[in-house]
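There are 4 protein chains.
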Amino acid sequence: MIKVGIIGSTGYAGAEIVRILLNHPEAEVIWYGSKSYVDQKYADIYKNFFELIEDKCLDDNIDKLSEQADVIFTATPQGYLAGILNRDILSRCKVVDLSADYRIKDVKVYEHWYGIEHKSPDLIADAVYGLCEINRDKIKETSLVANPGCYTTCSILAAYPLVKEGLIDTDTLIFDAKSGTSGAGRSAKTANLFCEVNESIKAYGVANHRHTPEIEEQLSYAAGKDVMVSFTPHLVPMNRGILVTAYASLKDKNISADEIAKAYEKYFKDEYFIRLLGHGVPPETRWVEGSNFVDIGFKVDERTGRVVMMSALDNIVKGAAGQAVQNMNIMFGLDERAGLNLLPVFP
Amino acid sequence: MIKVGIIGSTGYAGAEIVRILLNHPEAEVIWYGSKSYVDQKYADIYKNFFELIEDKCLDDNIDKLSEQADVIFTATPQGYLAGILNRDILSRCKVVDLSADYRIKDVKVYEHWYGIEHKSPDLIADAVYGLCEINRDKIKETSLVANPGCYTTCSILAAYPLVKEGLIDTDTLIFDAKSGTSGAGRSAKTANLFCEVNESIKAYGVANHRHTPEIEEQLSYAAGKDVMVSFTPHLVPMNRGILVTAYASLKDKNISADEIAKAYEKYFKDEYFIRLLGHGVPPETRWVEGSNFVDIGFKVDERTGRVVMMSALDNIVKGAAGQAVQNMNIMFGLDERAGLNLLPVFP
Amino acid sequence: MIKVGIIGSTGYAGAEIVRILLNHPEAEVIWYGSKSYVDQKYADIYKNFFELIEDKCLDDNIDKLSEQADVIFTATPQGYLAGILNRDILSRCKVVDLSADYRIKDVKVYEHWYGIEHKSPDLIADAVYGLCEINRDKIKETSLVANPGCYTTCSILAAYPLVKEGLIDTDTLIFDAKSGTSGAGRSAKTANLFCEVNESIKAYGVANHRHTPEIEEQLSYAAGKDVMVSFTPHLVPMNRGILVTAYASLKDKNISADEIAKAYEKYFKDEYFIRLLGHGVPPETRWVEGSNFVDIGFKVDERTGRVVMMSALDNIVKGAAGQAVQNMNIMFGLDERAGLNLLPVFP
Amino acid sequence: MIKVGIIGSTGYAGAEIVRILLNHPEAEVIWYGSKSYVDQKYADIYKNFFELIEDKCLDDNIDKLSEQADVIFTATPQGYLAGILNRDILSRCKVVDLSADYRIKDVKVYEHWYGIEHKSPDLIADAVYGLCEINRDKIKETSLVANPGCYTTCSILAAYPLVKEGLIDTDTLIFDAKSGTSGAGRSAKTANLFCEVNESIKAYGVANHRHTPEIEEQLSYAAGKDVMVSFTPHLVPMNRGILVTAYASLKDKNISADEIAKAYEKYFKDEYFIRLLGHGVPPETRWVEGSNFVDIGFKVDERTGRVVMMSALDNIVKGAAGQAVQNMNIMFGLDERAGLNLLPVFP
């Protein structure tokens, strides 16, 4: 059994890693790291695990943990891991980081958007961006995976094939994203109270959300040139789910729905966790909730010469914990789907 | 007292007209028209009106009604009013139509998008598009108002000043809209059941929603040339509210947030029902819920050279019943705010 | 105009007093008291009031306030008002207290259930329990009203006529109450985050909720003997609304639904804010949301010899701010409905 | 592999059986029966199963199905199965009926509460009431299981040990139950539309809900005498979950919380799917959502001499499909937990 430690196990993403690994055939959690709940029973914090987990929360001593674990998941605030990670730790165990610390190759871009100094810039080059369906081969070789953001996973996958195939004008790319509230985390903030979120929708982080440079970097690789996009996240009164509606002008007005469909199929046809709905079928977050699936649909708008790309995923699963476990599976040479046979729960 | 008849009073928009007029100082409902509930007590269908309304539902005989009423509101399916309205009726009383029948000047455009034949195309020219803040003067003179759609009110108002002032490239206009579920109406459809809508978000009518030509026509007037836009509506798990996030490239990258703000102020500064939040302040539907306000904010994105225009309203009030009453007030020379001192209800 | 000061104006109940008074014909808020937001614009905290209120928050100096105001509403934590109120203040202005400090006549009972020492027990006798429909005459005479709790208003009104008329065995009284989340207040607590409350229901304060002695005291007056009840509150994933389902054995199995109905009518028939739905009609919170109405229905269960009493109200309106304004109206000899022509908002 | 047919596979309960069996190690669905969707792809109706199920819906020919299947689940309207089932079918395959047709032993009681004639009363004696934790041994021997109702499972399990041990006065038993909206099914009814259910709570079926006699019959067996109870269901704006709050007077005021706890442990200590939270810990539906667990807590109220029993389950899992599969597992001698390692999904 692969021994797993989680630093930040008491946030929503950490708890979802726990949920997934409880049914994983080849991995087990040996360290429930926490900052706020040390010595408390994990199942007292997440009572869904009552009688299923007897462990207490441990601290977040990554050095000690790295001597016991085969892999560490870090679901920690931005900058935290960058401040404590080093090659010693990475020589002892693998790390899947759910924060943004190693996602962006250009440390200046990171420091600009996140407004903090990066404490271990030398490790950035070691990290592989863990978008499994795109970087699978590199993930196999690394001991440090930068697990992608929730919005970014959903956004990049929606546009990747069309960017890669040069079917759209990347100068016109706009991502309008909508997220359930679990993406805001479990810390006590007035803005995230039930009565503040319920029965309302709003945009936030307009033109300056931190997932923007992450989307741009990955799509730039795909395009083979610099890509700059508009990205607007919205908060939706539901627990889980991200929906991305993306817009771009077709390179050529004569590009058909069929050509678009073929581009998606070229890259994703054999991907188990990506489900291609085809032309004119909008995805809905309810159909992926609780699972590691990403549903992608699109619509060619002949009037305007644009294509509308749409994708849906569960922000805590494929957008965080599920993809993290998928990365672990790849890193350890396991079946990529191990532990991830999570069927979407509806209603 | 102005005598009001409502055809289609038992839908959500009709019921909201009732709610507003119950507290209107100079109007009273004399005819609760219905197709499905004739002879039933209105307060048995909408029990919020228990002990407040004793009337029973009447049929939808518009001829008879027009002899008794000073104004008729029609909240009826597309094509219905066009099939029964005539100049006789309009000579006897005013009509505010909440359906789309007289919104679009070019009957071919109407017939193309709605897929039905227009039965009274000669009346279209008589109708005034009832976007009060734009067409106030014309509304005063007409006896037939085409009350704007919910999405269109929200979309047009967000972009109107910038289009009118030529600050944005109208070829790049994209409206990404999100609506609460009351917009889907009260008829029994599986797709609108609680468990189907709750905990999910989806796009629908992608690239072919009927509000598109309505937005385009009005913005074309503002632009002084043909405008074609992308419009994508989404269904959000909340009762009320529409949020529009609109994108366009600035005509000139040097256009400042200040110039944008001034354009909004030029047209809307003195409009009571339009609240300008200013640069960088995204509107939220919760702050307008239950009221006739439209909140508008924007953000200039210097990186991409785009401006993000954002607007929020209550789809049943300013998006339907509230604007209808506002139109009535204008048509009858009343204080435009009469009966509309509805404060936003939060939480 | 009556000059109103609010201490605790930035909680949900305080904000609802503001909403109501903005449309009140004979009262105006002159003091938006706050602990946390002094000097901030009130409309920055509650953006529904953008452009409607220009005032900034003031502190909670009740002495200074009492020299300027005709009436003070206190929506403050338990024990706060008891620590600062005195007869000097009450000689200058009237006070409507939305906390529990003066609701319970026996100070020992208060101190037992609330676990705090009462700092001004001598004032308790001056206070009138502000359940308007029951204590209207006393309210007219007092300058200190103890505004009832949300659960208690709903519970007492459901049972009062049957207790008063001796139709039920008070030893068997059980109140099972369900509340929307606004009752939990606006302070930032993890337990009240959207994702914690949404898609769940739970009981809390089982057998020890502080509203229990308040219900018992009032029903004891009605019964003319000591009444002890079971009271269980539940948290429901909705913003507003309380539903009480109460159970009691009929004194005599032959008591008919008609007799029960007559008892309700005897006490409440002419009460504008109480709507009697009659036998077999369960109230629903949606029909009272946003209004000051209490809807009451009941069902006689001949099999078990019990009557099920059911009542619904909006916890922030009739359960707090609405009743507080109703009390103010009574204290100042105004029309009891002034400012309270709030129609239920649906959907 | 056990071959499974489902009649009524396109309702919510049917779809949940499908979800569970997709991951069941020893069973597979061979027949997706439907009345409304014959010949349509199952995954077109429930798009969460896109790319996971390729089958089309078949009709509901139980004779033909019984020749191919080892077990049939029927999730059909009341009276349907009673009209078509016979001993021939039962000789060929096992049946787990999720309707109420064989739950109640006294056919007159069934006909009284359901208002329909029972077409196969002779089969009632063959049926075993499939409350697994109570009737496990009998379930092993039968070929016809009457799968309990959602409310009844939750209600009976909360009270069973205390009734069985004679700790409570069964004449005082009251069940106040709250259910998510999936319990209302998937058929298109105005009352179940999103906007009608959202932001509201109501009681329904007061004193005459059909689950009442089912609860009474089972608790009568436990008590060894006739038990009559009050049962009130409520509709809650959430997808899944039932919470039962039950009240009863203790037989003796000196009965301690410890004695109550021991009674629960005596019967349920070793039951995997029943989690005993202990004294003073109220269950919450969010902690069982998506799983087959029932969480039970209680509180002794020494003041009133009552015990409050509380239980929570997922109405579609332990309240329907999960228990149905649990019954299948028992009938076929499999591990009772096979396919039911569903961890509660939170948030």
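First to last, the sequence lines map onto chains A, B, C and D.
Its first residue numbered 1, the first sequence is counted upward by one per residue in the working numbering.
Its first residue numbered 348, the second sequence is counted upward by one per residue in the working numbering.
Its first residue numbered 695, the third sequence is counted upward by one per residue in the working numbering.
Its first residue numbered 1042, the fourth sequence is counted upward by one per residue in the working numbering.
We treat Cβ as the ideally placed atom computed from N, Cα and C, and that holds for glycine.
Fair warning: this is a prediction, and the values are worked out from it, not measured in the lab.
* Flag residue 628 of chain B as yes when its Cβ comes closer than 7 Å to any non-hydrogen atom of the ligand PLP, and as no otherwise. => Inclusion of the ligand PLP in the displayed structure is not the case, the ligand content being empty and no account of it being possible.
* Would you decide whether residue 1388 of chain D is buried or exposed? Buried here means 16 or more other CB atoms lie within 10 Å of its CB. => What you label residue 1388 of chain D is simply residue 347 of the fourth sequence in a count that begins at 1. With 16 or more Cβ atoms within 10 Å of its Cβ, residue 1388 of chain D is classed as buried.
* Asked: What residue ranges within the segment 133-207 of chain A form continuous alpha helix (DSSP H) runs of no fewer than 4 residues, ordered along the chain?
  -> The segment 133-207 of chain A contains these whole alpha helix (DSSP H) runs: 150-164, 194-197.
* According to DSSP, residues forming a beta bridge with residue 735 of chain C -> Within the third sequence, numbered from 1, the residue matching residue 735 of chain C stands at position 41. Answer by DSSP bridge pairing, in chain order: C:750.
* Asked: If we cut at 8 Å on Cβ distances, does residue 691 of chain B have a partner in chain C?
  -> The residue given as residue 691 of chain B occupies position 344 in the second sequence. Answer yes: the Cβ-Cβ gap between residue 691 of chain B and chain C drops below 8 Å somewhere.
* Minimum Cβ-Cβ distance from residue 876 of chain C to chain B less than 8 Å -> For the purposes of this step, residue 876 of chain C is identified with residue 182 of the third sequence, where counting begins at 1. Output row for residue 876 of chain C: interface = yes.
* Asked: For residue 136 of chain A, which residues from the same chain have a beta carbon less than 7 Å from its beta carbon, with the 5 sequence-adjacent residues on both sides left out?
  -> What you label residue 136 of chain A is simply residue 136 of the first sequence in a count that begins at 1. Within the same chain, Cβ atoms closer than 7 Å to the Cβ of residue 136 of chain A are found at 330, the five residues on either side in sequence being excluded.
* To do: List the residues that DSSP assigns as beta-bridge partners of residue 467 of chain B.
  => Counting from 1 along the second sequence, the entry for residue 467 of chain B is found at position 120. Looking at the DSSP assignment, residue 467 of chain B forms no beta bridge with any residue, so it has no partner.
* Asked: Using a Cβ-Cβ distance under 8 Å, would residue 1248 of chain D count as near chain C?
  -> The residue you call residue 1248 of chain D lines up with position 207 of the fourth sequence. Yes, residue 1248 of chain D lies at the interface with chain C (some Cβ there is under 8 Å from its Cβ).
* Asked: Any beta-carbon of chain C closer than 8 Å to the one on residue 1307 of chain D?
  -> Counting from 1 along the fourth sequence, the entry for residue 1307 of chain D is found at position 266. No, residue 1307 of chain D lies away from the interface with chain C (no Cβ there is under 8 Å from its Cβ).
* To do: For the alpha helix (DSSP H) containing residue 1353 of chain D, list its first residue and its last residue.
  => Sequence index remark: in the fourth sequence, residue 1353 of chain D carries index 312 (1-based). Segment 1347-1354 is the beta strand (DSSP E) holding residue 1353 of chain D; no alpha helix (DSSP H) there.
* To do: In angstroms with no decimal places, state the Cα-to-Cα distance between residue 444 of chain B and residue 493 of chain B.
  => As a first step, residue 444 of chain B must be located in the second sequence, where it is residue number 97. As a first step, residue 493 of chain B must be located in the second sequence, where it is residue number 146. Roughly 5 Å separates the two Cα atoms.
* Alpha-carbon spacing of residue 780 of chain C relative to residue 814 of chain C, whole angstroms -> Along the third sequence, read from residue 1 onward, the residue named residue 780 of chain C stands at position 86. Along the third sequence, read from residue 1 onward, the residue named residue 814 of chain C stands at position 120. Distance between the alpha carbons of residue 780 of chain C and residue 814 of chain C is about 8 Å.
* Would you identify the three-state DSSP class for residue 396 of chain B, choosing helix, strand or coil? => Start at 1 with the first residue of the second sequence, and residue 396 of chain B comes out as number 49. Residue 396 of chain B: helix per DSSP, three-state reduction.
* **Where the beta strand (DSSP E) through residue 625 of chain B begins and ends** => Residue mapping note: residue 625 of chain B aligns to position 278 of the second sequence, counting from 1. Unbroken beta strand (DSSP E) run through residue 625 of chain B: 621-626.
* According to the neighbour-count rule (16 or more other Cβ atoms, all chains shown, within 10 Å of its Cβ), is residue 870 of chain C buried or exposed? -> What you label residue 870 of chain C is simply residue 176 of the third sequence in a count that begins at 1. So residue 870 of chain C counts as buried.
* Kindly indicate if chain A contains any beta-carbon less than 8 Å away from that of residue 980 of chain C. => The residue you call residue 980 of chain C lines up with position 286 of the third sequence. For residue 980 of chain C, no CB of chain A lies under 8 Å from its own CB, so it is not counted at the interface with that chain.
* Could you pull the start and end residues of the alpha helix (DSSP H) that residue 1143 of chain D belongs to? => As a first step, residue 1143 of chain D must be located in the fourth sequence, where it is residue number 102. In the DSSP assignment, residue 1143 of chain D falls outside any alpha helix (DSSP H) and carries neither an H nor an E.
* Asked: CA-CA distance, residue 888 of chain C and residue 192 of chain A?
  -> For the purposes of this step, residue 888 of chain C is taken as the residue at position 194 of the third sequence. For the purposes of this step, residue 192 of chain A is taken as the residue at position 192 of the first sequence. Residue 888 of chain C and residue 192 of chain A have their C-alpha atoms some 6 Å from each other.
* Beta-carbon proximity of residue 249 of chain A to residue 168 of chain A, cut-off 8 Å -> Residue numbering aside, residue 249 of chain A sits at position 249 when the first sequence is read from its first letter. Residue numbering aside, residue 168 of chain A sits at position 168 when the first sequence is read from its first letter. Taking a C-beta distance under 8 Å as the contact criterion, residue 249 of chain A and residue 168 of chain A qualify as a contact pair.
* Under the assumption that residue 1378 of chain D contacts residue 1308 of chain D (Cβ atoms under 8 Å), give the Cβ distance between them as a whole number of angstroms. => For this step, residue 1378 of chain D is matched to residue 337 along the fourth sequence. For this step, residue 1308 of chain D is matched to residue 267 along the fourth sequence. With a beta-carbon spacing of about 19 Å, residue 1378 of chain D and residue 1308 of chain D fall beyond the 8 Å limit used to define contacts.
* Counting pairs of Cβ atoms below 8 Å between the segment 645-655 of chain B and the segment 663-671 of chain B, do you hit three or more? -> No: the two stretches stay apart, fewer than three of their Cβ pairs being nearer than 8 Å.
* Asked: Apart from the five residues just before and just after residue 1119 of chain D, which ones in its own chain have a Cβ nearer than 6 Å to its Cβ?
  -> By one-based count along the fourth sequence, residue 1119 of chain D stands at place 78. Closer than 6 Å at Cβ, skipping near neighbours: 1140, 1141, 1155.
* Under 6 Å Cβ to Cβ from residue 457 of chain B, same chain only, skipping five residues before and after it: list those, please. => Here residue 457 of chain B refers to the residue found at position 110 of the second sequence. Counting only residues of its own chain and dropping the five nearest sequence neighbours on each side, residue 457 of chain B has a CB closer than 6 Å to the CB of 451, 465.
* Excluding the five sequence neighbours on either side, which residues of its own chain have a C-beta within less than 6 Å of the C-beta of residue 550 of chain B, listed in chain order? -> Within the second sequence, residue 550 of chain B is the residue found at index 203, counting from 1. Correct list, in chain order: 579, 581.
* Asked: Excluding the five sequence neighbours on either side, which residues of its own chain have a C-beta within less than 7 Å of the C-beta of residue 723 of chain C, listed in chain order?
  -> For the purposes of this step, residue 723 of chain C is taken as residue 29 along the third sequence, with counting starting at 1. Excluding sequence neighbours, residue 723 of chain C sits near 698, 700, 712, 715.
* Proximal residues of chain C, C-beta to C-beta of residue 186 of chain A below 9 Å -> Walking along the first sequence from the start, residue 186 of chain A turns up at place 186. The answer, in chain order, is 884, 887, 889, 890.
* **Cβ neighbours of residue 1080 of chain D in the same chain (closer than 6 Å, five flanking residues each side left out)** => Locating residue 1080 of chain D in the fourth sequence gives position 39, where the first residue counts as 1. Within the same chain, residue 1080 of chain D has close Cβ partners 1097.
* Asked: At least one CB of chain D closer than 8 Å to the CB of residue 395 of chain B: is that the case?
  -> Reading the second sequence from its first residue, position 48 is the one you call residue 395 of chain B. Chain D places no beta carbon closer than 8 Å to that of residue 395 of chain B, leaving this residue out of the contacts.
* Smallest Cα separation from residue 197 of chain A: which of C:788, C:920, C:876? -> Position 197 of the first sequence holds residue 197 of chain A. Here the closest residue by C-alpha is C:876.
* Asked: With DSSP run on the structure shown, which of helix, strand or coil describes residue 268 of chain A?
  -> Along the first sequence, one-based indexing puts residue 268 of chain A at 268. Looking at residue 268 of chain A - three-state DSSP - the assignment turns out to be helix.
* To do: Could you list which residues in chain A have their beta carbon closer than 9 Å to that of residue 1240 of chain D, in chain order?
  => Position 199 of the fourth sequence, counted from the start, is the residue given in the question as residue 1240 of chain D. Residues of chain A whose Cβ lies closer than 9 Å to the Cβ of residue 1240 of chain D are, in chain order, 198, 199.
* Could you pull out every residue in the same chain whose Cβ sits closer than 6 Å to the Cβ of residue 519 of chain B, ignoring the five residues on either side in sequence? => What you label residue 519 of chain B is simply residue 172 of the second sequence in a count that begins at 1. Around residue 519 of chain B, the same chain offers 595, 596 as residues with beta carbons nearer than 6 Å, after the five sequence neighbours per side are excluded.
* Go ahead and pull the three-state DSSP assignment for residue 1048 of chain D. => Numbered from its first residue, the fourth sequence carries residue 1048 of chain D at position 7. In the structure shown, residue 1048 of chain D sits in a strand (DSSP, three-state: E or B).
* As assigned by DSSP and simplified to three states, the class of residue 824 of chain C -> Taking the first residue of the third sequence as position 1, residue 824 of chain C is located at position 130. For residue 824 of chain C, the secondary structure class from DSSP, reduced to helix, strand or coil, is coil.
* Asked: Whose C-alpha, out of D:1068, D:1105, D:1148, D:1110, is nearest the C-alpha of residue 1123 of chain D?
  -> Along the fourth sequence, one-based indexing puts residue 1123 of chain D at 82. When only C-alpha atoms are compared, the closest one is D:1148.
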